[in-house]
Amino acid sequence: MAKISQHMLSDVTKLPGVQLGDYFLQFELEEPRDSVQEIARRELRETPEIVKPAVEELRRLLEADKDLLVPLDRDAWLIRFLRPCKFYPESAYALIKRYYAFKVKHHKQYDGLTPSKEQNIFNQNVLRVLPNRDQLGRRVLVLELGKKWNHSKCSLDEVFKGCVLFLEAAMLEPETQICGAVVIFDMDGLSMQQVWQFTPQFAKRIVDWLQESIPLRIKGLYIINQPYIFNMVFQLFKPLLREKLRSRIVFMGSDRELLYKYISPKCLPDCYGGTLSIPNVTGPQWLELLMICDTEFAAINNYGYKKK
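192 is the number that numbering that gives the first Met the number 0 gives to position 193 of the sequence shown; each next residue is one higher, with no gaps.
Written as structure tokens, this is what we have:
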């Protein structure tokens, strides 16, 4: 029980889980496996002699900042921001400020954001996470923004909010904090009407979010099954991308061998030519899981820049 409470900001005592056939899907809040701790040491400088002073220094920087309200007493929360910054406290402090400044700037999307208020995007089933991690321990988010997406029933703003909810949940998991996440954009059947939904303002928000504001290691953005007209969408994003993020975007079309270079077929469902034996998790099943955490999302919303 202590394990759950140290990662959660609310009083959620039962770890959310959903039974899928023989497979039990739940958030993974336990300590990272040895192999993942090794990745943390190698890639993030995560050793006891670095972690402890980094946590203390980050806490000191935040205590001195009178504009921010944050859970200073939660080491796990501080570590959540230190990991993507390789345990440099000044960088983590800057990330926390950008994370909350972004929420203020886009308050229309963030105010009161909880799974129970955003059920539509999950029920549309265009957004899901694979039930397993990939071969590198990363979470895999799948967005199907082609023929499955009915833009008259579900706006891009809702898609964005659904992604925020998923990634906030992923940020709770120590292994995801260390290994990161990848996103598959399945653009099969993208239509001209859908292309028109993408605006320069939306593109800027997404790129700012991914490059500046998200305390999670986004290790790859994989565009699959894209028709030619997807180029029009990408042109909105391209000028805003810095080299680091641009280098992680891979256009794969229908080339499955290229996809397998990045994600092992053992970790992919059969709809992508994989051999994953775990049942697929639908949007509504993910919603069921996230709804158990509704109070946690409400607690997350309580922190940030103090209202002037």
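Cβ coordinates follow ideal geometry from the N, Cα and C atoms, glycine included.
The model shown is predicted, which means the values in this text are computed figures rather than measured ones.
Neighbourhood of Q193 by C-beta distance below 8 Å, restricted to the same chain and skipping five residues each side = The residues L144, G145, W148 and H150, in chain order, have a CB closer than 8 Å to that of Q193 in the same chain once the five nearest residues on each side in sequence are set aside.
Report yes if the C-beta distance between A346 and F80 is below 7 Å; otherwise report no.
-> Since the first residue of the chain shown is 0 and the last is 307, residue 346 is not available in this structure.
Out of S190, A93 and K237, which has the shortest C-alpha to C-alpha gap to L57?
-> Of the listed residues, the one whose Cα sits closest to L57 is A93.
For my contact list, P15 and D293 are in at a C-beta cut-off of 8 Å; report their separation, rounded to the angstrom.
-> 10 Å between Cβ atoms; not a contact.
When V141, L77, G136 and E27 are compared against K51, the one with the closest alpha-carbon = The residue with the shortest Cα to Cα distance from K51 is L77.
What did DSSP end up calling E29 once you bin it into helix, strand or coil?
-> In this structure, E29 counts as coil in the three-state DSSP scheme.
Look at the Cβ atom of L8, then the Cβ atom of A297, and state whether they are nearer than 7 Å.
-> Result no, Cβ atoms of L8 and A297 do not sit closer than 7 Å.
Local Cβ density within 10 Å of I228, reported as buried at 16 or more and exposed below that = Label assigned to I228: exposed.
Per DSSP, which residues does L24 bridge with? Please list them.
-> Beta-bridge pairing links L24 to V17.
Between the beta-carbon of P268 and the beta-carbon of L275, is there less than 7 Å?
-> In this structure, the beta-carbon distance from P268 to L275 falls below 7 Å.
When the Cβ atoms of the stretch 121-131 are set against those of the stretch 276-285, are three or more pairs found closer than 8 Å?
-> These segments touch.
Considering only residues of the same chain and omitting the five flanking positions on each side of R138, which have a CB-CB separation below 7 Å?
-> Here the set comprises V128, R132, A169, T175 and A180.
Assuming Y261 and G219 form a contact by the criterion Cβ under 8 Å, report the distance between their Cβ atoms to the nearest whole angstrom.
-> Yes, Y261 and G219 are in contact; Cβ-Cβ is about 6 Å, under 8 Å.
Per DSSP, which residues does G252 bridge with? Please list them.
-> Bridge partners of G252: I223.
Which partner residues does A180 have in the DSSP bridge list?
-> By DSSP's assignment, A180 forms a beta bridge with R138 and I217.
Give the straight-line distance between the Cα atoms of L157 and Q108, rounded to the nearest whole angstrom.
-> With the sequence shown as reference, residue 157 is identified as Glu, and Leu is not the correct amino acid for it. A straight-line Cα-Cα distance of about 8 Å links E157 and Q108.
Round the Cβ separation of E29 and F86 to the nearest angstrom and send it over; I've been treating them as touching at under 8 Å.
-> The C-beta distance from E29 to F86 rounds to 21 Å, too long to meet the 8 Å contact threshold.
Could you check the C-alpha separation between E117 and V141 for me, to the nearest Å?
-> Cα to Cα, E117 sits roughly 18 Å from V141.
Assign W195 to one of two classes, buried (16 or more other C-beta atoms within 10 Å of its C-beta) or exposed (fewer than that).
-> Around the Cβ of W195, a 10 Å sphere holds fewer than 16 other Cβ atoms; the residue is exposed.
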